[in-house]
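Q:
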Amino acid sequence: HPPIACTLGAGDFKSRLAWIAKLNHASLRDHRRRDLRLELVYVPEARELVHEMVRREQACCAFLSFEVVEEQGTVRVVISAPEAAREAAEALF
C-alpha cells in the first residue's frame, strides 16, 4: 500500500499549494465535496494545467485516486480517498 501522506518536502509542498491556488483562482468554476470524494470543475482552457496538476498529485499522493473527465465545456477532476486515509483527506481537501 502507498503511504497515506503527501511525500513532498515542506518547501515543495508550500510551492505546490501556491501553484494549485493560482490555478484554482484563475480556472476553477465549481467544486463539491462529498465525504471522501472531492469534485473540481475547471474551465476548458485550463485542460493542460489540470492534467499537469493531476500528474503531479498522483506522484506525491499515491493513496488518492484521480479521474479526469472532459465534458460539456468543462474539465472535471474527481479525487477519491480510501476510508483508511480519512484523516489525510480532511487535511488535503
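Here the sequence shown is numbered in my numbering, starting from -14 and rising by one per residue.
Glycine residues also receive a C-beta, built at the ideal position from the N, C-alpha and C atoms.
Fair warning: this is a prediction, and the values are worked out from it, not measured in the lab.
1) When burial is assigned at 16 or more other CB atoms within 10 Å of the CB, is alanine 6 buried or exposed?
2) Helix or strand or just coil, what does DSSP make of isoleucine 64?
3) For the stretch 51 to 63 against the stretch 15 to 28, do three or more pairs of beta-carbon atoms, one drawn from each stretch, fall closer than 8 Å, so that the two count as touching?
4) One question on the structure: do phenylalanine 48 and proline -13 come within less than 8 Å of each other, judged by their Cβ atoms?
5) Let me know if alanine 69 comes out buried or exposed under the rule of 16 or more other beta-carbons within 10 Å of its beta-carbon.
6) Express the C-alpha separation of valine 54 and histidine 16 in angstroms, rounding to a whole number.
7) Closer than 6 Å by C-beta to serine 50: which residues in its own chain qualify, once you throw out the five before and the five after it? Chain order, please.
8) Helix or strand or just coil, what does DSSP make of histidine 16?
A: In short, the structure shows the following:
1) As a position in the sequence shown, residue 6 is number 21, starting the count at 1. Exposed.
2) As a working note, residue 64 is residue 79 in the sequence shown. Note: isoleucine 64 maps to strand in three-state DSSP.
3) The stretch 51 to 63 vs the stretch 15 to 28: in contact.
4) Within the sequence shown, the letter at position 63 stands for residue 48. Within the sequence shown, the letter at position 2 stands for residue -13. A contact, by the Cβ cut-off of 8 Å.
5) Walking along the sequence shown from the start, residue 69 turns up at place 84. With fewer than 16 Cβ atoms within 10 Å of its Cβ, alanine 69 is classed as exposed.
6) Working through the sequence shown from its first residue, we reach residue 16 at position 31. Working through the sequence shown from its first residue, we reach residue 54 at position 69. Their backbone Cα atoms lie some 14 Å apart in a straight line.
7) Counting from one through the sequence shown, the residue named residue 50 turns up at place 65. Leaving aside the five residues that flank serine 50 on each side, the residues in its chain whose CB is nearer than 6 Å to its CB run, in chain order, Ser65.
8) Numbered from 1 along the sequence shown, position 31 holds the residue referred to as residue 16. Correct three-state label for histidine 16: strand.
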